[in-house]
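In terms of full-length UniProt numbering, the sequence shown is residues 1 to 175. What follows is a single structure, written as structure tokens, with notes after it.
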Amino acid sequence: MTGNSRLFVTLDNSIQSEVRTGDENKLFLKGKCDILVQTRKGEKKISDVFYVPNLKHNLLSVGQLNQKGYVLIFCFDTCTIKDKHEFLISKVKVTPNKMYPMKMICSLNDFLKTSIENHLRLWHCRFGHLSSKTLSYMSQKNIVDGLPHIAVQDKICEACVAGKQRNEPFSVRKS
Numbered sequence: 001m002t003g004n005s006r007l008f009v010t011l012d013n014s015i016q017s018e019v020r021t022g023d024e025n026k027l028f029l030k031g032k033c034d035i036l037v038q039t040r041k042g043e044k045k046i047s048d049v050f051y052v053p054n055l056k057h058n059l060l061s062v063g064q065l066n067q068k069g070y071v072l073i074f075c076f077d078t079c080t081i082k083d084k085h086e087f088l089i090s091k092v093k094v095t096p097n098k099m100y101p102m103k104m105i106c107s108l109n110d111f112l113k114t115s116i117e118n119h120l121r122l123w124h125c126r127f128g129h130l131s132s133k134t135l136s137y138m139s140q141k142n143i144v145d146g147l148p149h150i151a152v153q154d155k156i157c158e159a160c161v162a163g164k165q166r167n168e169p170f171s172v173r174k175s
């Protein structure tokens with residue numbers, strides 16, 4: 001659970017419920033989101049995290065993480081969290097009050113920002129690297145609510161170029 005909306009990558013606010021804490025307090029869930037956790041080898045997504053607006057600290061459920069295939073190892077004063085491929089997500093030391101505080105780092109990529117100068121790049125990323133011609137058409141025909149006017153441009157997206165690269169087949173040698 002998290003109360004920090006800056007951690008969200010996605011938010012499904014159709015989930016509305018309440019949860020009771022160990023001291024019988026009620027927490028009101030206002031949605032389910034995906035968050036990014038910074039690891040040594042980049043960012044890792046944790047899915048289905050509950051959004052509780054007034055929550056002061058992020059809480060991880062050992063049971064839910066385990067159910068999703070994460071491996072949690074508690075050894076002496078350290079909790080190690082790995083994904084199902086044994087990739088290290090986090091290694092957290094216990095505090096004097098027996099808590100394992102995990103630092104969450106906000107990742108403000110272009111597609112997460114609320115204001116941006118380059119609308120083409122923003123919407124290109126949001127729609128899974130859709131062409132500028134298609135984005136311009138959708139903008140002109142008002143197919144998408146909130147989509148600003150986008151002019152066709154010949155800008156090159158590095159991710160699109162990398163995704164379209166291919167290797168030539170290896171030559172067959174006769175021995």
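Yeah, the Cβ is synthetic: ideal placement off N, Cα and C, and Gly gets one too.
CB contact below 9 Å: residue i versus chain C
{"i": "H119", "result": "Reference to chain C is not applicable here, since this structure consists of a single protein chain."}
For residue j and residue i, believed in contact at Cβ under 8 Å, the rounded distance
{"i": "S132", "j": "I150", "result": "7 Å"}
{"i": "L7", "j": "S17", "result": "Not really, about 20 Å apart at Cβ, beyond 8 Å."}
{"i": "V152", "j": "S136", "result": "5 Å"}
{"i": "V37", "j": "I89", "result": "6 Å"}
{"i": "K91", "j": "T80", "result": "5 Å"}
{"i": "N4", "j": "N58", "result": "7 Å"}
{"i": "L120", "j": "K155", "result": "7 Å"}
Residues near residue i by beta carbon distance below 7 Å, same chain, minus five either side
{"i": "I15", "result": "L29, G31, K32"}
{"i": "M138", "result": "V144, L147"}
{"i": "residue 176", "result": "In the structure as shown, the chain starts at 1 and stops at 175, and residue 176 therefore has no counterpart that could be examined."}
{"i": "F111", "result": "In this predicted model, F111 has a pLDDT of only 48, less than 50, meaning its place in the structure is not dependable; the value taken from the coordinates is given anyway. Correct list, in chain order: L122, C125, R126."}
{"i": "N66", "result": "L72"}
Option in the options with minimal Cα separation from residue i
{"i": "F2", "options": "P53, V9, D23, E24", "result": "This sequence places Thr at residue 2; Phe is not what is there. For the residues P53, V9, D23, E24, the minimum Cα distance to T2 belongs to P53."}
{"i": "L60", "options": "G69, E168, L122, Y100", "result": "Y100"}
{"i": "T78", "options": "D12, T39, N66, M102", "result": "M102"}
{"i": "E86", "options": "C75, G69, P96", "result": "G69"}
Close Cβ partners of residue i (< 8 Å) along its chain, the five nearest in sequence each way excluded
{"i": "D34", "result": "F8, V9, T10, K45, I46, S47, D48, V49"}
{"i": "H129", "result": "C157, A159, C160, G163"}
{"i": "L27", "result": "M1, E18, V19, R20, T21, V52, N54, L55"}
{"i": "V94", "result": "D77, T78, C79, Y100"}
Per DSSP, the bridge partner or partners of residue i
{"i": "K30", "result": "Bridge partners of K30: none, in fact."}
Cutoff 6 Å; reference residue i; Cβ partners in own chain excluding five residues on either side
{"i": "V71", "result": "K82"}
{"i": "P169", "result": "none"}
Whole beta strand (DSSP E) elements within the segment 65-94, 3-residue minimum | Taking only runs of at least 3 residues, the beta strand (DSSP E) segments lying wholly in the segment 65-94 are 71-75, 78-82, 88-93.
4-residue-minimum alpha helix (DSSP H) runs that sit fully inside the UniProt domain "GAG-pre-integrase" (114-165), ordered along the chain | Counting whole runs of 4 or more residues, the UniProt domain "GAG-pre-integrase" (114-165) contains the alpha helix (DSSP H) stretches 119-126, 132-140, 158-164.
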